[in-house]
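Reading through the structure tokens given below for one structure.
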Amino acid sequence: MGSAEYQPLLFGLDLDAKILKLSSSAIKGFLEHRPVPIWCFCFNYMLNFVTLSFTGHLGALELAGASIACVGIQGLAYRIILGMASAFQTVCGQAYGAKRYSAMGMICQRAIVLHLAAAVVLTFLHWHSALDIWYSQGLVRISGLLSNPTIALDSISICMNYRNWDMMFMLGISAAASV
2 MGSAEYQPLL
12 FGLDLDAKIL
22 KLSSSAIKGF
32 LEHRPVPIWC
42 FCFNYMLNFV
52 TLSFTGHLGA
62 LELAGASIAC
72 VGIQGLAYRI
82 ILGMASAFQT
92 VCGQAYGAKR
102 YSAMGMICQR
112 AIVLHLAAAV
122 VLTFLHWHSA
132 LDIWYSQGLV
142 RISGLLSNPT
152 IALDSISICM
162 NYRNWDMMFM
172 LGISAAASV
């Protein structure tokens with residue numbers, strides 16, 4: 002499918018207008034048909050909001066600690082689950098494409114068992130190899146040595162929270178694009 006097939010649709014426009022028109026129509030179609038995964042990931046991330054709302058009543062330091070803990074746990078879980086779900090999506094799609102509908106239930110059952118077993122094994126391996134999580138925890142420990150650790154802990158908590166909002170939005174877009 003070359004660009005010559007699109008030419009009659011965009012006849013009479015200069016190159017910048019063509020690119021803008023194609024980009025805007027692609028983004029419009031994307032946002033009209035695939036907002037569900039984006040909202041799903043964002044609302045899933047909002048589950049932490051309830052936890053942090055109740056923890057905030059205990060104090061500022063407790064809120065910052067709970068926020069960092071939620072970010073670390075959620076990042077660990079998403080890395081494992083996203084990798085395993087991507088593999089399952091490929092196998093299930095192949096069974097559906099081969100019109101083996103009866104085998105899809107068996108594939109789903111085996112995938113759940115394999116996901117659970119792999120998640121347990123990968124959890125222990127991930128604890129020792131996930132430098133991103135250990136880096137964040139190292140920053141929290143080092144911030145305790147500063148002259149005012151409460152402000153340092155609060156600022157790290159806010160930065161990690163914004164980073165995860167961005168990650169959830171981009172992860173939702175990635176899931177929507179793969180549908």
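Residue 35 in our numbering sits at position 34 of the sequence shown, with consecutive numbering throughout.
Glycine included, C-beta positions come from ideal geometry on N, C-alpha and C.
Between which two residues does the alpha helix (DSSP H) carrying residue i extend?
i          : result
residue 1  : Because the chain is modelled from 2 through 180, residue 1 falls outside the range shown and cannot be assessed.
residue 53 : 48-56
Just verifying my parser: in three-state terms, what is the DSSP assignment at residue i?
i           : result
residue 115 : helix
residue 154 : helix
residue 35  : coil
residue 86  : helix
residue 59  : coil
residue 8   : With a pLDDT of only 49 at residue 8, under the threshold of 50, the placement of this residue in the model should not be trusted, and no figure is reported.
residue 100 : coil
For residue i, count the other beta carbons within 10 Å of its own beta carbon; 16 or more makes it buried, fewer makes it exposed. Which is it?
i           : result
residue 122 : exposed
residue 154 : buried
residue 8   : Residue placement at residue 8 is poorly supported in this model, since its pLDDT is 49, which falls under 50; the coordinates still yield a value, given next. Exposed, because fewer than 16 other Cβ atoms sit within 10 Å of the Cβ of residue 8.
residue 26  : exposed
Check each candidate in the options and name the one with the smallest Cα separation from residue i.
i           : options          : result
residue 49  : 62, 71, 33       : 71
residue 111 : 89, 46, 125, 141 : 89
residue 150 : 44, 45, 62, 31   : 62
residue 84  : 34, 124, 45, 107 : 124
(message) Within 8 angstroms, do at least three Cβ pairs link the stretch 99-109 to the stretch 64-72?
(response) no
(request) Report yes or no: do three or more beta-carbon pairs, one from the stretch 109-122 and one from the stretch 142-151, lie closer than 8 angstroms? (result) no
(message) Pairs of beta-carbons, one from the stretch 86-93 and one from the stretch 52-60, closer than 8 angstroms: are there three or more?
(response) no
(message) With a threshold of 8 angstroms, are at least 3 pairs of Cβ atoms found where one atom belongs to the stretch 35-47 and the other to the stretch 165-172?
(response) yes
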